[in-house]
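Colleague:
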Amino acid sequence: MTLILVRGGTLIDPAYSTEGIVRDLWVSNGRIVSEQEGVKADEVIDAAGMLVAPGAIEIHTHIAGDPLALARRLCLHEIDEEPLLPPSAQIAKGYLKLGFTTLFDAAMFPGLAWRTHTDFDTMAGVDRGAFTLVSDHAAVARAVEQRNPQILRAVLARLLKASGGYAVKLVNPGAGIAWEKGQKQVDLDTPSLSGSATQRDWLLLIAAGVQEMGLPHPVHIHSGDLGHNSSWMSFSKTAGELEGLPAHLCHIQFYSYAEDSRGRMISAAENMVKLIDAHPELTFDSGVVTLTPAYLLSADIQAIDSLHKILKTTWSRVSVHGEGSYGLLPVQYDAHRADSAVQWAIGLEMLLLSPDPTRLFMTCDFPNGGSFTAYPHLVSLLMDRSLRSAALKSVHNAASQRTGIGSIEREYSISEVIAMTSTGPARALGLLDRGHLGVGACADIRCYRPSSDHEYMFTNPAWVMKDGQVCVRDGRFEPLPEGHTLVVQPEEGLHPQGEVDRLFESFSPDYLNQYKLSTGSLEVVPCRSRA
12 MTLILVRGGT
22 LIDPAYSTEG
32 IVRDLWVSNG
42 RIVSEQEGVK
52 ADEVIDAAGM
62 LVAPGAIEIH
72 THIAGDPLAL
82 ARRLCLHEID
92 EEPLLPPSAQ
102 IAKGYLKLGF
112 TTLFDAAMFP
122 GLAWRTHTDF
132 DTMAGVDRGA
142 FTLVSDHAAV
152 ARAVEQRNPQ
162 ILRAVLARLL
172 KASGGYAVKL
182 VNPGAGIAWE
192 KGQKQVDLDT
202 PSLSGSATQR
212 DWLLLIAAGV
222 QEMGLPHPVH
232 IHSGDLGHNS
242 SWMSFSKTAG
252 ELEGLPAHLC
262 HIQFYSYAED
272 SRGRMISAAE
282 NMVKLIDAHP
292 ELTFDSGVVT
302 LTPAYLLSAD
312 IQAIDSLHKI
322 LKTTWSRVSV
332 HGEGSYGLLP
342 VQYDAHRADS
352 AVQWAIGLEM
362 LLLSPDPTRL
372 FMTCDFPNGG
382 SFTAYPHLVS
392 LLMDRSLRSA
402 ALKSVHNAAS
412 QRTGIGSIER
422 EYSISEVIAM
432 TSTGPARALG
442 LLDRGHLGVG
452 ACADIRCYRP
462 SSDHEYMFTN
472 PAWVMKDGQV
482 CVRDGRFEPL
492 PEGHTLVVQP
502 EEGLHPQGEV
512 DRLFESFSPD
522 YLNQYKLSTG
532 SLEVVPCRSR
542 A
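Numbered according to the working numbering, the sequence shown spans residues 12 to 542.
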């Protein structure tokens, strides 16, 4: 058991309100341990003059699985020296090099979970998890129609365990089922099946079910009506209809749009931040646009279908038996196009206006908003108003005319950046041993040489440690630990076994046993005790 001393670093740990305090850290067996007086360390890492922070956590990205694999094949002719969609192993290395040690894929079809976990097994150096997608799943739809919370919880638990999921994901729930039946638009009050269940029913029943199950992360919601000029109004209704239940609402930049008198997209960031403040039970991620090539991949068929008609481009749709479908569409966010520039500005504006970085997190919904490799640049814009002003002048003037970003004086501190990328996501995900540097925490640590060039600093950590092992040093990879796949194992609870089985009757008998997870790489995160 190796004992490591990280000596003399300046700690940045918002979880303990620690900023700028010089302190040693002791690491043993992959965990941070209490100070070891009178004991000689096996290894000493000199961190004097450096900033030491917990590893970053990506709460919403797309890094593995069937949709990503198909997108790679479809865009082979467009890939250059630095492809947008490298293999999952390279994606993991790209994140790790930036100080990210835990990643969550935001949408895993249960029937395609084998592909996600196959990719996960290649992703050395990081821990990873996936959110099990249930929003158009036939068995879940039947359970929602029955409005029997006990049956619904049993179905969700069965899908989570069989797929090796970490959380329950909803994408515009029920809309995919309706779309396949020819119903192109669904709102909160539109029944999406032959029965009477509405999207409101999906949201409330599943949010309550997840809360009752004690899952570490509440229901993760991709709201409906994405990408329209009035999206912020429908989004605010969705948040309000959750009736105080905890939830995480993702990539909210894509809903932060209003419309001016000429029908043009304008920022609704101020309205969205007021909504965030009004709902302390909710957390959010931003979904910023990086003004780079991007690839839309989403189970929100309604949104992809609408966008491809606007862009007049070809899209691809793949059906997954009994579980819905997903769409693929390449896009280019162009700094010199009005709408792209406005989207870019809104994402930054919202982050700057929101006072609590532990509840609104920076994401780009990779690859939907562009590449995560742009994070250091985006962080530098949050931290330096003069850089923002220069960047604003370099994009289409609609960004300054239709958003309020130009008048915002706020500059993020380094502590706020760490809160946004470590502390907050860890809390939202229920990962009690991450996002901080306290005793018992995973020894997932990033270390920076202070620099006024924040983009350079966040691009080039002095070193990154995963599970007590330095994996990256000055941009060079050292031997990588295997990493773990984070899963939950919720109890199904008491329920009529035969009735639950019948909800899955349209699937093959071995549907829930398609892929045996590699138990050696699994880490089960405990559920909360039920009240």
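Using N, Cα and C, we set each Cβ at its ideal position, and we do this for glycine too. In this text, all values refer to a predicted model and were calculated from it rather than measured experimentally.
Would you give the residue range spanned by the beta strand (DSSP E) that LEU22 belongs to?
Modeller: 14-24
Colleague: Can you round the beta-carbon distance between GLN222 and LEU256 to whole angstroms, since I take them to be within the 8 Å contact cut?
Modeller: Going by Cβ atoms, the distance from GLN222 to LEU256 rounds to 6 Å, so yes, they are a contact pair.
Colleague: Assuming the contact rule is C-beta atoms closer than 8 Å, VAL197 and GLY235 should be a hit. Round their C-beta distance to whole Å, please.
Modeller: 6 Å
Colleague: Out of curiosity, what's the CA-to-CA distance linking ALA26 and ALA437?
Modeller: For ALA26 and ALA437, the distance between alpha carbons rounds to 10 Å.
Colleague: Out of ILE429, ASP512, ALA385 and ALA410, state which residue places its alpha-carbon closest to the alpha-carbon of ALA356.
Modeller: The residue from ILE429, ASP512, ALA385 and ALA410 with its alpha-carbon nearest to that of ALA356 is ALA410.
Colleague: Check whether the Cβ atoms of SER433 and GLY66 sit closer than 8 Å, and answer yes or no.
Modeller: yes
Colleague: For ASP345, I'd like the list of residues in its chain whose CB is within less than 6 Å of its CB, leaving aside the five on either flank, ordered along the chain.
Modeller: SER351
Colleague: Would you tell me roughly how many angstroms separate the C-alpha atoms of LEU36 and GLY140, rounded to the nearest one?
Modeller: 27 Å
Colleague: Once you ignore the five residues that flank PRO387 on each side, which residues in its own chain have a CB closer than 6 Å to its CB?
Modeller: GLU466, PHE469 and THR470
Colleague: Quick check on the burial criterion: 16 or more other C-beta atoms within 10 angstroms. Buried or exposed for ILE90?
Modeller: Interpretation of ILE90 is limited by its pLDDT of 47, a score under 50 that renders its predicted location unreliable; the figure taken from the coordinates is listed afterwards. Flag for ILE90 reads exposed.
Colleague: Hey, does GLY274 have any beta-carbon neighbour from chain D nearer than 8 Å?
Modeller: Considering every chain present, this structure includes no chain D. It has just one protein chain.
Colleague: Check each candidate in GLY441, PRO304 and ARG539 and name the one with the smallest Cα separation from HIS228.
Modeller: GLY441
Colleague: Starting from the C-beta of ASP130, find all residues in its chain whose C-beta is less than 7 Å away, skip the five residues before and the five after it, and write them out in chain order.
Modeller: ALA75, GLY76 and SER99
Colleague: Determine, using beta-carbon pairs with one atom in the region 99-112 and one in the region 50-62, whether at least three such pairs fall under 8 Å.
Modeller: no
Colleague: Given that a residue counts as buried once 16 or more other Cβ atoms are within 10 Å of its Cβ, and exposed if not, what is VAL50?
Modeller: Exposed, because fewer than 16 other Cβ atoms sit within 10 Å of the Cβ of VAL50.
Colleague: Which of the three DSSP states is assigned to THR374 in this structure?
Modeller: Assigned with DSSP and collapsed to three states, THR374 falls in coil, not helix or strand.
Colleague: What runs of the alpha helix (DSSP H), each 4 residues or longer, lie entirely inside the region 192-258?
Modeller: 210-224 and 242-252
Colleague: Quick one: is VAL511 buried, meaning 16 or more other Cβ sit within 10 Å of its Cβ, or exposed?
Modeller: buried
Colleague: Assuming THR324 contacts LEU302 (C-beta within less than 8 Å), just tell me the rounded distance between them.
Modeller: About 19 Å separates the two Cβ atoms, so there is no contact after all.
Colleague: Alpha helix (DSSP H) containing LEU144: first to last residue?
Modeller: Here LEU144 belongs to no alpha helix (DSSP H); instead the beta strand (DSSP E) covers 138-144.
Colleague: Going by DSSP, what residue range makes up the alpha helix (DSSP H) through GLN101?
Modeller: 99-108
Colleague: I need the boundaries of the alpha helix (DSSP H) containing ARG153, first residue and last residue.
Modeller: 149-157
Colleague: For MET134, does the three-state DSSP call read helix, strand or coil?
Modeller: coil
Colleague: In chain order, what residues of the same chain have a beta carbon less than 6 Å from the beta carbon of GLU560, not counting five sequence neighbours either side?
Modeller: Because the chain spans 12 through 542 in this model, residue 560 falls outside it and cannot be assessed.
Colleague: Starting from TRP190, follow its DSSP beta bridges and name the residues at the other end.
Modeller: Bridge partners of TRP190: none, in fact.
Colleague: For ARG445, does the three-state DSSP call read helix, strand or coil?
Modeller: coil
Colleague: Would you mind working out which of ASP132, GLY338 and LEU199 sits nearest LYS248, comparing C-alpha positions?
Modeller: The shortest C-alpha separation from LYS248 is found at LEU199.
Colleague: Could you compute how far the alpha carbon of GLY136 sits from the alpha carbon of SER272?
Modeller: 51 Å
Colleague: Would you list the residues sitting across from GLU69 in a DSSP beta bridge?
Modeller: GLU69 is bridged to LEU114.
Colleague: Determine whether the beta carbon atoms of LEU359 and LEU392 lie at a separation below 8 Å.
Modeller: yes
Colleague: Just how far apart, CA to CA, sit PRO160 and ASP132?
Modeller: 35 Å
Colleague: Taking Cβ to Cβ, would you say GLY479 is nearer than 8 Å to VAL38?
Modeller: yes
Colleague: Buried or exposed for GLN500, going by 16 or more other Cβ atoms inside 10 Å?
Modeller: GLN500 should be labelled exposed.
Colleague: Is it true that the CB of ILE287 sits closer than 8 Å to the CB of SER405?
Modeller: no
Colleague: Can you look up ALA542 in the DSSP assignment and give me helix, strand or coil?
Modeller: Any answer about ALA542 is weak, because its pLDDT of 49 lies below 50 and its placement is not dependable; what the coordinates show is given next. Three-state result, ALA542: coil.
Colleague: Please state the DSSP three-state secondary structure of LYS51.
Modeller: coil
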